[in-house]
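Colleague:
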Amino acid sequence: MSHHFFVFSPSDTSLYACTHFSTRPSNAASSALASNLPAWPTFAGTLTALSGAGSASHNTVGSTTPRGGGQDRSTIHMIANAGLDAIENAMLKENAIYLKSVDQFNQWKISAFVTPGNTKLVLLHEGRNDDGIRSFFAEAWELYVKTMLNPFHTAHTPIRSPTFDSRVQASMKKWL
5 MSHHFFVFSP SDTSLYACTH FSTRPSNAAS SALASNLPAW PTFAGTLTAL
55 SGAGSASHNT VGSTTPRGGG QDRSTIHMIA NAGLDAIENA MLKENAIYLK
105 SVDQFNQWKI SAFVTPGNTK LVLLHEGRND DGIRSFFAEA WELYVKTMLN
155 PFHTAHTPIR SPTFDSRVQA SMKKWL
């Protein structure tokens, strides 16, 4: 199961993005779909391969065609950007900083954490892990605040810190 994490500025520009592949068992929607198929192993295997549900490919640095969870990286970014409208609508209805499962696109659920400065932390995920997602967002927010307090980082510019990246990856591994 893969998780895709994004940080968007108040003007909805992407500041940071990363992908994490979890080894924890998932209850993805594609497994329910595959269970309703005929018992032909090649047919079910073909459907799984086409949907990308069985993909365990990892993004590699310098790869020309980065992939994540069976989806092209640009498709994942499009889903996250499309979810920003649903996040804005949920912000109007709820007065909370943690917005769980504000939107869904195919198997992807979109959860968000909106900071007091209107920076949006967005997570695309397949399964339900509300407590883990909430804890991850709390740690990610703390890391984001520490990065913004760095005098060598300009606010609302892409985050390119390897320390930030490694700590976000460690938090994703811990909670997701």
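Residue numbers (the working numbering): 5 to 180.
For every residue, glycine included, the Cβ atom is placed at its ideal position computed from N, Cα and C.
With DSSP as the reference, label SER26 as helix, strand or coil.
Modeller: Correct three-state label for SER26: coil.
Colleague: Alpha carbons only, please: which of VAL118, ASN154, ALA142, SER13 is nearest the one belonging to ALA100?
Modeller: ALA100 has its Cα closest to that of VAL118, out of VAL118, ASN154, ALA142, SER13.
Colleague: By Cβ distance, which residues of its chain are closer than 8 Å to HIS157, with the 5 residues on each side in sequence left out?
Modeller: Cβ neighbours of HIS157 beyond the five flanking positions: THR151, ILE163, SER165.
Colleague: Taking 8 Å as the threshold (C-beta atoms), are ALA94 and LEU128 in contact?
Modeller: Contact: no.
Colleague: Taking Cβ to Cβ, would you say GLU143 is nearer than 8 Å to SER175?
Modeller: Yes; because the gap between Cβ atoms is below 8 Å, this pair is in contact.
Colleague: With DSSP as the reference, label PHE117 as helix, strand or coil.
Modeller: Three-state result, PHE117: strand.
Colleague: Just verifying my parser: in three-state terms, what is the DSSP assignment at PHE141?
Modeller: DSSP places PHE141 in helix when its eight states are reduced to three.
Colleague: Cα separation between PHE168 and ASN110?
Modeller: Distance between the alpha carbons of PHE168 and ASN110: 30 Å.
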